[in-house]
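Asks: In full-length UniProt numbering, the protein residues as written are 1 to 81.
All C-beta atoms, glycine included, are put in the ideal place defined by N, C-alpha and C.
1) Measure from the alpha carbon of residue 29 to the alpha carbon of each residue in 74, 56, 68, 7, then state which is nearest.
2) Taking residue 46 as part of the alpha helix (DSSP H), name the residues at either end of that continuous run.
3) Leaving out five residues on either side along the sequence, give the residues of the same chain with a beta carbon under 7 Å from the beta carbon of residue 9.
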């Protein structure tokens, strides 16, 4: 992905054994274009198996978990340096 220009790999300044990887504008464009296709496919797969009530429950549970993770994940907390 680095060679294709989708991500940029740089040496980690704090630990020379590691690399930092970040998405490039080209990579972001490709990823964003894929989201609607992925969503459509996922919805299709679930709708073949689950009832509307089950889908509603799944969405509510997923949102609760997502909200909890967003609120409690260390990357989302302010870090004083």
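Replies: So, from the data block:
1) One-based indexing of the chain shown puts residue 29 at position 29. Looking at the Cα atoms, 7 is the closest of the given residues.
2) For the purposes of this step, residue 46 is taken as residue 46 along the chain shown, with counting starting at 1. First-last of the alpha helix (DSSP H) with residue 46: 25-49.
3) Residue 9 sits at position 9 when you count from the first residue of the chain shown. Answer for residue 9: 2, 19, 21, listed in chain order.
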